[in-house]
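Student: After the structure tokens below, expect a handful of questions from me.
Numbering (this note's numbering), first residue to last: 66 to 327.
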């Protein structure tokens with residue numbers, strides 16, 4: 066039972082010598098009985114605590130998931146970088162190998178080109194030498210053929226050409242040789258005609274005929290004669306022949322053989 070603070074103290078059953086002490090009594094607050102369907106503060110705090118724990122658990126779990134995700138992403142990134150680095154290294158090695166191969170091929174092609182140029186140069190030189198030798202051989206054949214033709218023509222015209230004029234027969238072709246022989250025939254005929262014209266006068270002056278040549282010199286003494294062979298006449302300078310021509314031609318008529326000159 067609750068006693069009011071200002072209520073008078075009850076009479077003591079003690080005697081007159083008993084003392085009584087009076088103190089105030091604080092009444093206890095009435096305990097409220099929660100109504101059905103309502104939560105107390107403790108319940109709310111408990112709920113809040115439980116929710117906080119659940120939230121912290123979820124956050125901690127999310128942190129772990131995030132950490133694991135970050136680690137996984139880091140591993141993936143590292144693996145990708147390593148793969149890219151390996152691919153780049155392999156690609157660089159392949160490029161270096163391809164470049165080295167290209168350089169080697171270029172060197173081989175350059176060397177092959179130099180060899181081909183050298184072979185072409187040698188082939189050109191050999192071909193040029195072959196052409197030169199062939200032309201020289203052909204020219205030599207033509208020269209020999211013309212010499213044979215010349216010898217045949219001279220043999221056929223031996224009686225019509227003075228021996229001293231044989232060496233003057235020249236020509237680069239058969240036609241030129243024929244023309245040269247005809248010219249020497251004409252000159253030889255002119256010489257014979259001149260000899261015949263002067264033969265009568267020459268007989269009066271002749272004192273004899275040398276067995277191997279003919280004499281030229283004063284008629285009053287044998288010491289004045291000089292012998293001239295065919296070689297002397299052939300090698301005689303043209304200026305000396307011009308001086309002695311008037312004496313040589315009459316003397317030649319006296320030693321003429323059968324036929325005109327041969």
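Positions of the beta carbon are idealized from the N, C-alpha and C atoms, including for glycine.
According to DSSP, is residue 209 helix, strand or coil?
Tutor: Numbered from 1 along the chain shown, position 144 holds the residue referred to as residue 209. Reduced to three states, the DSSP call for residue 209 is helix.
Student: Just verifying my parser: in three-state terms, what is the DSSP assignment at residue 134?
Tutor: Looking up residue 134 in the chain shown gives position 69. Residue state, collapsed to three classes: helix.
Student: Determine, using beta carbons only, whether residue 239 and residue 214 come nearer to each other than 8 Å.
Tutor: Residue 239 sits at position 174 when you count from the first residue of the chain shown. Residue 214 sits at position 149 when you count from the first residue of the chain shown. Contact flag set, yes.
Student: To the nearest angstrom, how far is it from the Cα of residue 263 to the Cα of residue 243?
Tutor: On the chain shown, residue 263 is found 198 positions in, with the first residue counted as 1. On the chain shown, residue 243 is found 178 positions in, with the first residue counted as 1. Cα-Cα distance, rounded: 30 Å.
Student: Spell out a yes or no on whether the region 170 to 180 and the region 189 to 204 are touching, meaning 3 or more CB-CB pairs, one atom from each, closer than 8 Å.
Tutor: Result no; under three Cβ-Cβ pairs closer than 8 Å.
Student: Compute the beta-carbon to beta-carbon distance between residue 222 and residue 250, rounded to the nearest angstrom, for a pair I have assumed lies under 8 Å.
Tutor: Along the chain shown, one-based indexing puts residue 222 at 157. Along the chain shown, one-based indexing puts residue 250 at 185. Yes, they are in contact, since the Cβ atoms of residue 222 and residue 250 sit about 6 Å apart, within 8 Å.
Student: State yes or no: is the C-beta of residue 234 within less than 8 Å of the C-beta of residue 219?
Tutor: Here residue 234 corresponds to residue number 169 of the chain shown, with the count starting at 1. Here residue 219 corresponds to residue number 154 of the chain shown, with the count starting at 1. In contact: residue 234 and residue 219 (Cβ atoms closer than 8 Å).
Student: Is it buried or exposed, residue 155, if we count other Cβ atoms within 10 angstroms and call 16 or more buried?
Tutor: What you label residue 155 is simply residue 90 of the chain shown in a count that begins at 1. Residue 155 comes out exposed.
Student: Here's a check: name, in chain order, each residue in its chain whose Cβ is nearer than 6 Å to the Cβ of residue 116, leaving out the five neighbours to either side.
Tutor: Numbered from its first residue, the chain shown carries residue 116 at position 51. Around residue 116: no qualifying Cβ.
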